Amino acid sequence: MHISERPMQHSSIPCGRLAPSPTGHIHLGNAWAFLLAWLAARSQGGQVLLRLEDIDPQRSRPDYAAAILEDLRWLGLDWDYGPDTGGPGGPYVQSLRSEIYDTALTQLEQSGLTYPCFCTRKELRQLAAAPHVDDTGAPYPGTCRHLNEEQVQAMLQSGRKACVRLRCPQTPIRFDDAVMGPQSFLLSRCGGDFALRRSDGVVAYQLAVAVDDALMGVTQVVRGRDILPSTPRQIALLELLGYGAPSYAHVPLLLDAEGERLAKRHNSLSLRCLREQRVDPRRITGLLGHLAGLTFSAASASPAELMPAFDWSRLPRQDVRLEHRHLRGLL
Ligand code: GLU
Numbered sequence: 001m002h003i004s005e006r007p008m009q010h011s012s013i014p015c016g017r018l019a020p021s022p023t024g025h026i027h028l029g030n031a032w033a034f035l036l037a038w039l040a041a042r043s044q045g046g047q048v049l050l051r052l053e054d055i056d057p058q059r060s061r062p063d064y065a066a067a068i069l070e071d072l073r074w075l076g077l078d079w080d081y082g083p084d085t086g087g088p089g090g091p092y093v094q095s096l097r098s099e100i101y102d103t104a105l106t107q108l109e110q111s112g113l114t115y116p117c118f119c120t121r122k123e124l125r126q127l128a129a130a131p132h133v134d135d136t137g138a139p140y141p142g143t144c145r146h147l148n149e150e151q152v153q154a155m156l157q158s159g160r161k162a163c164v165r166l167r168c169p170q171t172p173i174r175f176d177d178a179v180m181g182p183q184s185f186l187l188s189r190c191g192g193d194f195a196l197r198r199s200d201g202v203v204a205y206q207l208a209v210a211v212d213d214a215l216m217g218v219t220q221v222v223r224g225r226d227i228l229p230s231t232p233r234q235i236a237l238l239e240l241l242g243y244g245a246p247s248y249a250h251v252p253l254l255l256d257a258e259g260e261r262l263a264k265r266h267n268s269l270s271l272r273c274l275r276e277q278r279v280d281p282r283r284i285t286g287l288l289g290h291l292a293g294l295t296f297s298a299a300s301a302s303p304a305e306l307m308p309a310f311d312w313s314r315l316p317r318q319d320v321r322l323e324h325r326h327l328r329g330l331l
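Using the UniProt record's numbering, the letters of the sequence shown map in sequence onto residues 1 to 331.
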């Protein structure tokens with residue numbers, strides 16, 4: 001079946017998503033983005049789905065997946081569809097969806113939109129003379145874009161493994177971000193022809209996410225601004241596969257008191273650790289809601305209690321620092 005002929009689960013009800021990668025415990029920075037995604041959907045009477053992004057077998061662990069679901073529920077977030085509840089767009093676990101991604105990839109291959117690339121990481125590093133234009137690294141210089149069939153066969157026979165890259169459209173990709181405002185990206189300037197399948201056979205994040213958002217009926221994507229450079233790639237894929245794009249909101253990041261981005265190494269700021277210290281989850285969501293400009297104080301508030309105040313115009317446009325006084329207030 002042509003993938004764009006699959007039945008879509010779209011309805012007129014907005015649908016947001018929480019898309020954790022089970023590569024560690026979630027910290028306050030993840031919780032902030034998930035809370036905002038949940039509020040954006042629920043405040044419009046929308047649905048929420050939870051999708052486990054465990055596409056990379058080397059980085060994902062089932063025990064983290066179980067812990068993430070538990071921690072998000074403890075925080076007061078819920079979802080209509082997910083790995084534990086099922087739903088019409090399921091399975092909601094990327095590692096169980098490889099056939100769906102294969103179908104999408106075949107569709108792109110058959111349309112002549114892809115090519116095999118034999119460059120190794122080392123070769124790419126050496127080729128990358130241009131300064132990096134963003135945090136995605138130097139754009140792929142297109143080395144394998146014009147290999148002919150004979151050259152491809154010769155490479156394969158010499159035992160080289162290929163990844164599959166998309167021939168990126170040359171026209172700018174434009175979208176209006178609910179937080180960051182109007183955006184315009186030239187794919188050739190942010191990463192160039194990107195991989196759809198790695199040389200070890202693992203489907204790339206960009207393809208999996210674009211296909212899942214379309215087939216699961218996601219109408220709004222809310223996530224950290226660190227993922228903004230991925231959005232034009234996902235929009236390009238959605239268009240090439242014959243789907244419309246959801247709306248996007250890329251939220252500022254939560255930083256620690258020193259101004260560093262929260263990361264897995266901030267173990268004391270993981271929901272797990274806060275929970276073990278018997279912190280009331282309503283204090284956490286109250287603080288996050290306050291930092292998002294929704295309330296005048298950081299008083300305890302559940303996600304449901306924050307819902308009526310949700311408004312994108314209140315959200316700060318700059319990254320937000322989590323001061324020591326904020327953390328003291330939690331305990
Ligand atoms: N799974 C990604 C992460 O945890 C998020 C991807 C997305 O929101 O599109 O960073």
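The beta carbon of each residue, even a glycine, is placed where N, CA and C say it ideally should be. What you are looking at is a predicted structure, and each value in this text was computed from that prediction instead of being measured.
Rounded to the nearest whole angstrom, the C-alpha separation of His-324 and Ile-227 is 27 Å. Considered as a whole, the stretch 168-249 harbours 173-177, 181-185, 195-197, 220-224 as its complete beta strand (DSSP E) runs of no fewer than 3 residues, in chain order. Per DSSP, the unbroken alpha helix (DSSP H) holding Pro-303 starts and ends at 303-306.
8 Å or more divides the Cβ of Leu-215 from the Cβ of Leu-207. For Cys-119, the three-state secondary structure derived from DSSP is coil. With 16 or more neighbouring CB atoms inside 10 Å of its own CB, Ala-245 falls in the buried class.
Between Thr-285 and Leu-105, the CB-CB gap reaches or exceeds 8 Å. At a cut-off of 7 Å, the beta-carbon of Ser-302 does not count as near ligand 1: no heavy atom of the ligand is closer than that. Inclusion of Ala-19 in the 7 Å shell around ligand 1 follows from its C-beta lying nearer than that to a non-hydrogen atom of the ligand. Leu-322 sits close to Asp-256, with the two beta carbons spaced by under 8 Å. Proximity of the beta carbon of Arg-223 to ligand 1 is indicated: a heavy atom of the ligand is located closer than 7 Å.
The beta-bridge partner set that DSSP reports for Leu-255 consists of Arg-261, Arg-321. Gln-47: member of the beta strand (DSSP E) spanning 47-50, first to last residue.
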